[in-house]
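Going by this note's numbering, the residue at position 85 of the sequence shown is 94; the numbering climbs one at a time, nothing skipped. Every residue gets a Cβ at the ideal spot worked out from N, C-alpha and C, and that includes glycine. Predicted, not measured: the structure shown is a model, and the values here were computed from it. Note sheet for the following structure.
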Amino acid sequence: MSKVLVIGAGGVGTVVVHKLAQNTEVFTEIMLASRTKSKCDVVAEDVKKRYGVEIKTAKVDADNVPELVALFKEFQPKLVINVALPYQDLTIMDACLEAGCNYLDTANYEPLDEAKFEYSWQWAYQDKFKEAGLTAILGCGFDPGQTGVYTAYAAKHYFDEIHYLDIVDCNAGDHHHAFATNFNPEINIREITQKGRFYENGQWIETGSLEIHQPINYPEIGPKESYLLYHEELESLVKNFPTIKRARFWMTFGQEYLTHLRVIQNIGMARIDEIDYNGQKIVPIQFLKAVLPNPQDLGENYDGWTSIGCRIRGIKDGKERTYYVYNNCSHKAAYEETGMQGVSYTTGVPAMTGAYMFLTGKWSGAGVFNVEEFDPDPFMEKVAASGLPWHEIIDGDLEL
Ligand code: NDP
């Protein structure tokens, strides 16, 4: 008997619940709770229709620890899957400690008033989770998440030492909107408009926002202009694989997307501070989110593929070797299965898989963990069987 509680009924939360409902031999009771209960009910109805599985739903404000604790104590989940927003990570971790629940998320904590990506706030919970005998699994989406598991898999099976790691994230899909983001627009735009950063020889090197770019070839897709940006898993991966000399993250953007982004920034709509509008306080980026297409509604006409993977160079038995491990995911297939597009799908499937690893005892331990600290093998097997098959190219040209 494993009860699991999902918080957040957005694109990712919807996929997670679909995937949990496909694995009821492990997830015997499922609850979806979010700020807006009606969104949870829509997901529950769809899941009931597709798989005949009953999902409980509830309203919860995840910024409010006592409210969370009351819900956790009432439902008594063994694991809480946090797919609300990164702002809620710490309140949900606090509530887990108070109610005796384990924790899993897909994005590191961010303070609302500062777009800052680092694990320090959540790593600071290490002793508390250890003392409570509870597990917190951080960053178990695709990137972060699957990319950390890919790196751990490469380190376990293909390398004595990993030296160079490039995570490459391509969305070659078309949603047929002039501008839309693939996950929460506020979180997405905060991330992309940051300064770039990568790790080299023990130091973090800062670049201008999207300053460094080059075309990269993606399998079955072809060349796409790819931009270096900072991504949170770089921080944990260079800590957990100290032989890494350089670690970078690349993401593709189309010219149309970048032009819109530039205009949004230039006219002040990406601002995250409060402004006064006719006597009312508004945060421009939150207002922008309200007028942009909802990422949850992009799926229907989305065609094309995502392609995300790790390109690694290092040493095995004294010889240099390269290794590229990746998944290609079809937006259309994701939509047909779950009603959501590929970016929500590629995040939700690893989140379910991490939950599956924990509840079947394949990943265990008291404390706070990043996914690459666990055994990658059972995860790789389960994630492939759950809709994200992976492919590998050994000793190919990494282009990077
Ligand atoms: P959405 O904006 O679509 O969904 C977020 C959900 O959380 C909404 O249902 C929202 O409620 C709910 N929520 C927000 N604030 C609260 C609150 N205070 N209390 C309760 N519920 C709340 O986001 P996505 O589904 O696109 O993304 C979810 C998470 O996944 C984010 O943290 C994102 O960063 C992460 N992510 C991770 C990726 C990875 O690969 N690791 C990739 C993509 C996303 P309401 O409906 O009322 O607004």
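From the options, residue whose alpha carbon lies closest to that of residue i
i	options	result
GLU242	ARG257, ASN197, ILE230 and VAL51	ARG257
ASP282	LYS233, GLU229, TYR344 and PHE296	PHE296
GLY363	VAL35, GLY20 and GLY17	VAL35
PRO359	VAL92, ALA71, ASN73 and LEU14	VAL92
ILE171	TYR159, ALA181 and VAL177	TYR159
GLN155	LEU246, VAL74 and TYR239	LEU246
LYS82	LYS68, ALA104 and LEU41	ALA104
VAL392	TYR286, MET366 and GLY308	MET366
GLY376	LYS137, ILE221 and ILE101	LYS137
GLY308	VAL24, VAL15 and ILE16	VAL24
ILE90	LEU397, MET361 and GLU381	MET361
GLN212	LYS248, ILE101 and LEU237	LYS248
GLY357	ILE101, TYR167 and VAL15	VAL15
GLY370	LYS87, ILE276 and PRO75	LYS87
ALA124	ASN180, PHE84, THR202 and ALA67	THR202
HIS184	TRP314, VAL26, LEU77 and GLU390	TRP314
ASN379	PHE151, VAL26, ASP122 and CYS49	PHE151
GLU382	GLU345, CYS149, PRO293 and ARG271	CYS149
Buried/exposed call for residue i, threshold 16 Cβ in 10 Å
i	result
ILE284	exposed
HIS186	exposed
MET260	buried
PRO95	buried
SER373	exposed
PRO385	buried
LYS165	exposed
ILE101	buried
PRO75	exposed
Neighbour flag for residue i against chain C, beta carbons, 8 Å
i	result
LYS48	You won't find chain C in this structure, because it holds only one protein chain.
Where residue i sits in the DSSP three-state scheme
i	result
GLY308	helix
PRO398	coil
LEU14	strand
GLU234	strand
ARG59	helix
VAL69	coil
LEU301	coil
ARG44	coil
CYS179	strand
HIS166	helix
LEU174	strand
TRP259	strand
ASP282	coil
ALA79	helix
GLU34	coil
ALA141	helix
Beta-bridge partners of residue i, as assigned by DSSP
i	result
CYS338	THR315
ASP98	According to DSSP, which records beta bridges pairwise, ASP98 is partnered with nothing at all.
GLY205	THR216
ASN226	PRO232
VAL89	LEU14 and TYR112
GLY150	GLY154
THR331	ARG322
GLY376	THR144
ILE39	VAL13
Three or more C-beta pairs below 8 Å linking the region 333-344 and the region 125-132: no
Quick one: any contact between the region 186-205 and the region 343-354, if contact means 3 or more CB pairs under 8 Å? yes
- Query: Using 8 Å as the Cβ pair cut-off and three pairs as the minimum, do the region 229-238 and the region 113-127 touch?
  - Reply: no
Q.
Does the region 56-69 come into contact with the region 14-33, if we say contact requires no fewer than three beta-carbon pairs (one atom in each stretch) closer than 8 Å?
A. yes
Contact between the region 136-143 and the region 93-112: three or more CB pairs below 8 Å? yes
Legend entry - Cβ contact check for the region 395-408 and the region 317-333: 3 or more pairs under 8 Å: yes
request  = Give a yes or no on contact between the region 243-255 and the region 196-210, applying the rule of three or more CB pairs nearer than 8 Å.
outcome  = yes
**Message:** Does the region 316-324 come into contact with the region 171-181, if we say contact requires no fewer than three beta-carbon pairs (one atom in each stretch) closer than 8 Å?
**Reply:** yes
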